[in-house]
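Contents: one structure, followed by commentary.
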Amino acid sequence: MSLSDLIKTRVSQKSYIEKKVDLDMLEELLDVSVFAPNHKMREPWNFVIIEGEQKQLLKSRYLEKLPEDQKEDASKKLSKIFVAPVVIAFIMPLSLDYDDEIEDLQANAMLVQNFLLLANEKGLSTHVKTPLFIKTDLFKDVLDIEENELVTCLVMVGYADQRNNPKRRTPAKELIRYYK
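The sequence shown maps to residues 1 to 180 in our numbering.
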């Protein structure tokens with residue numbers, strides 16, 4: 001499949017079949033994904049891969065630390081994410097320099113896009129999630145994320161039970177402003 005086709009056929013998938021995802025393959029995809037552009041070669045990323053029983057354990061650890069009135073809503077949100085066989089947390093170090101942090105966040109976004117396209121090429125389905133709770137100290141604590149790190153997103157990974165069709169996009173020609 002051409003790169004153009006991979007980009008155009010990549011969709012966010014919310015439902016998956018119960019089929020194990022090869023962790024070695026995920027590692028290979030991440031090994032290629034890290035070739036994303038990044039300023040000053042800071043390589044501002046690391047990953048937490050959550051699968052199998054660890055998904056439920058993580059969910060339980062997170063929920064038990066929440067106030068009672070927040071547990072039901074949080075449980076629903078986590079269940080929607082952990083429906084995938086694998087969830088990857090993409091993590092970047094925070095910087096004291098605002099410009100560096102913005103550049104690092106952009107580099108992370110490019111790395112995630114690389115990963116999504118490579119996963120699509122291998123027949124995997126994905127869905128990027130950025131729920132507010134990933135930025136909380138509680139969630140970071142449960143995942144053993146350092147205080148000076150940011151979870152940029154969670155990516156659900158698995159095999160789709162039924163592939164979604166790509167949604168229509170606004171043609172770029174309708175969005176371009178030329179200065180001649």
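Every residue, glycine too, gets a C-beta built ideally from N, C-alpha and C.
Computed from a prediction, not measured in an experiment: that's the story for all the values here.
**Request:** Could you tell me how far apart the beta carbons of I81 and V48 are, in whole angstroms, since I believe they sit closer than 8 Å?
**Result:** Stepping through the sequence shown from its first residue, residue 81 is reached at position 81. Stepping through the sequence shown from its first residue, residue 48 is reached at position 48. The beta carbons of I81 and V48 sit about 13 Å from each other, so the pair does not count as a contact at 8 Å.
**Endpoints, the alpha helix (DSSP H) within which E28 is located** = If you number the sequence shown from 1, residue 28 lands on position 28. Unbroken alpha helix (DSSP H) run through E28: L23 to S33.
**Supposed contact pair V34 and L94 - C-beta distance, whole angstroms, cut 8 Å** = For the purposes of this step, residue 94 is identified with residue 94 of the sequence shown, where counting begins at 1. For the purposes of this step, residue 34 is identified with residue 34 of the sequence shown, where counting begins at 1. About 19 Å; that fails the 8 Å criterion.
**Request:** Tell me, please, whether the segment 132 to 141 touches the segment 166 to 178 by the rule of three or more beta-carbon pairs shorter than 8 Å.
**Result:** The segment 132 to 141 and the segment 166 to 178 do not touch, with fewer than 3 CB-CB distances between them shorter than 8 Å.
**Request:** Use the C-beta contact count for G123: other C-beta atoms within 10 angstroms, 16 or more gives buried, fewer gives exposed.
**Result:** In the sequence shown, residue 123 corresponds to position 123, counting from 1. It is exposed - the Cβ of G123 has fewer than 16 other Cβ atoms within 10 Å.
**Asked** Distance, Cα to Cα, S79 vs Q70?
**Response** For the purposes of this step, residue 79 is taken as the residue at position 79 of the sequence shown. For the purposes of this step, residue 70 is taken as the residue at position 70 of the sequence shown. Looking at the two C-alpha atoms, the distance is approximately 14 Å.
**Message:** Among L63, E68, P85 and A89, whose alpha-carbon lies nearest the alpha-carbon of K77?
**Reply:** Taking the sequence shown and counting its residues from 1, one reaches residue 77 at position 77. With distances taken between Cα atoms, K77 lies closest to L63.
**Request:** Enumerate in chain order the residues of its own chain whose CB-to-CB distance from D141 is below 6 Å, with the five nearest sequence positions on each side excluded.
**Result:** Within the sequence shown, numbered from 1, the residue matching residue 141 stands at position 141. Scanning its chain for C-beta atoms nearer than 6 Å, with the 5 sequence neighbours on each side dropped, one finds no residue around D141.
**Message:** Is it buried or exposed, M1, if we count other Cβ atoms within 10 angstroms and call 16 or more buried?
**Reply:** Within the sequence shown, the letter at position 1 stands for residue 1. Here M1 is exposed: its Cβ has fewer than 16 other Cβ atoms, across all protein chains shown, within 10 Å.
**Prompt:** Looking at the unbroken beta strand (DSSP E) that takes in T126, where does it start and where does it end?
**Reply:** Position 126 of the sequence shown, counted from the first residue, corresponds to residue 126. If you look at T126, you'll find it in the beta strand (DSSP E) that goes S125 to K129.
**Prompt:** If you follow the alpha helix (DSSP H) that I102 is part of, which residue opens it and which one closes it?
**Reply:** Against the sequence shown, residue 102 aligns to sequence position 102. Per DSSP, the unbroken alpha helix (DSSP H) holding I102 starts and ends at Y98 to E121.
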